[in-house]
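Here's the structure we're looking at; comments come further down.
In mature numbering (1 follows the signal peptide of the UniProt record, and there is no 0), the protein residues as written are -24 to -1, 1 to 372.
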């Protein structure tokens, strides 16, 4: 176990954990400070990928120093990331926008059914709300109070919705590694995949290499021991550092590919996009809450961000988007990014957008609502059952 979070983070790889991210193949340094909510903002929406989690399969199944939560479950680092986001959101909105205690008329929250997403959302609301006065219900839990949320898989986990043949169809070339970029990744990485398969018994597949990357992240976080075949590799042309770096290139490969693939992107993010636009339209009419939060997955969150014109090719754990809506001087939205920097601290900042949207921004980075909606409307899914291609009234 690391003696401190910063010591843990220092051992990790810059592309995933230090204060950088990738935009259009460029590495961008994160800002040190968050911006503040615009004074005229009447609605804030934020969406996030779940926090740091365990891998689906453990490369060292007998390892006892980490992974005790179970496969795919949120780790202590993931909880700290989410708490940091909630704290940053409270600082972002400032005083007077939200009550210090949760109020149903002011806030709505949604999660995927996955436990890692639900727990991420819960930890973020714990950072957003510190109960005071009438809301301070127990001195034993002085800094926490339960906050309700709704589970909505058609919006936040479409790939897990049953009887959705069009989702399965969109995923097929990605799951099978036959979509162009993945097929190329598999072909170029054949020796790496074969070496992994030989030493783990796993299939020589991109998805398994991504699982290995997840293992490496946790091993580094917990200062645990790499398997001997990684620590002392026998693969020609590789030493420990170069081999580990090569496997890290497979991290979230399928999820990122889905967000890049046009069919998969719209299938995963289109219905969520409708929810976002509907919420903004309500705020335009003076209705609805002041803040709406969502917890989802890489392929869904990144898909939505791309549908909205974000120039992001990847998002780390608890990273995602925030949107401000204001009604004056005219209805408009400001699109923001948020990222952990690197674990307990979170930063909220102006997003880099595609040129078509960048040119629509005013000097405060707001985009006219009608022009924004017109630019992204093609990605909207209004009826998810129809988009799924259902031939029955099956339930999610």
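Note that beta-carbon positions come from the ideal geometry of N, C-alpha and C, so glycine has one too.
Going by the DSSP bridge assignment, what does residue i pair with across the sheet?
| i | result |
| --- | --- |
| residue 84 | 268 |
| residue 302 | 17 and 308 |
| residue 343 | 309 and 337 |
| residue 127 | 87 |
| residue 25 | 272 |
| residue 74 | In the DSSP output, where bridge partners are listed per residue, residue 74 has none listed. |
| residue 297 | 23 and 313 |
| residue 50 | 29 |
| residue 223 | Paired residues: none, contrary to the question. |
Nearest to residue i by CA position, among the options, is which residue?
| i | options | result |
| --- | --- | --- |
| residue 271 | 59, 17 and 15 | 59 |
| residue 332 | 27, 171 and 283 | 283 |
| residue 315 | 147, 292 and 299 | 292 |
| residue 286 | 9, 6, 334 and 151 | 334 |
| residue 241 | 212, 320, 228 and 279 | 279 |
| residue 151 | 39, 250 and 231 | 231 |
| residue 21 | 339, 257, 354 and 357 | 257 |
| residue 10 | 43, 26, 42 and 63 | 63 |
| residue 133 | 307, 94 and 180 | 94 |
| residue 195 | 348, 53, 7 and 340 | 53 |
| residue 30 | 42, 23, 24 and 225 | 42 |
| residue 301 | 137, 6, 17 and 343 | 17 |
| residue 135 | 329, 312 and 239 | 239 |
| residue 200 | 24, 13 and 40 | 40 |
| residue 223 | 164, 87 and 141 | 164 |
| residue 321 | 294, 311 and 88 | 294 |
| residue 166 | 181, 175 and 176 | 181 |
| residue 127 | 120, 119, 121 and 137 | 137 |
| residue 110 | 86, 75, 85 and 139 | 75 |
| residue 129 | 303, 176 and 243 | 243 |
| residue 225 | 190, 25 and 234 | 190 |
| residue 358 | 91, 131, 57 and 213 | 131 |
| residue 7 | 339, 363, 336 and 317 | 317 |
| residue 297 | 311, 207 and 98 | 311 |
| residue 28 | 289, 281 and 55 | 55 |
| residue 66 | 102, 247 and 362 | 102 |
| residue 228 | 203, 187, 250 and 246 | 187 |
| residue 367 | 106, 139 and 61 | 139 |
So, with DSSP's three-state summary, where would you put residue i?
| i | result |
| --- | --- |
| residue 92 | helix |
| residue 60 | helix |
| residue 316 | strand |
| residue 133 | coil |
| residue 245 | helix |
| residue 322 | strand |
| residue 103 | helix |
| residue 79 | coil |
| residue 355 | helix |
| residue 156 | helix |
| residue 366 | coil |
| residue 348 | helix |
| residue 329 | strand |
Tell me, please, whether the CB atom of residue i is closer than 8 Å to any CB atom in chain B?
| i | result |
| --- | --- |
| residue 332 | Although the question refers to chain B, the structure presented lacks it and comprises just one protein chain. |
Determine, using beta-carbon pairs with one atom in the stretch 70 to 87 and one in the stretch 264 to 280, whether at least three such pairs fall under 8 Å. yes
Scan the stretch 167 to 215 and note each continuous beta strand (DSSP E) run of 3 residues or more that stays entirely inside, going in chain order. none
Given 8 Å as the limit, is there contact between the stretch 39 to 52 and the stretch 310 to 327, that is, 3 or more CB pairs closer than that? no
Would the stretch 109 to 116 count as touching the stretch 211 to 218 if we require 3 or more Cβ pairs under 8 Å? no
Specify whether the stretch 152 to 169 and the stretch 245 to 255 touch according to this definition: at least 3 beta carbon pairs, one from each stretch, less than 8 Å apart. no
Please determine if the stretch 306 to 313 and the stretch 336 to 352 are in contact, where contact requires at least 3 C-beta pairs separated by less than 8 Å. yes
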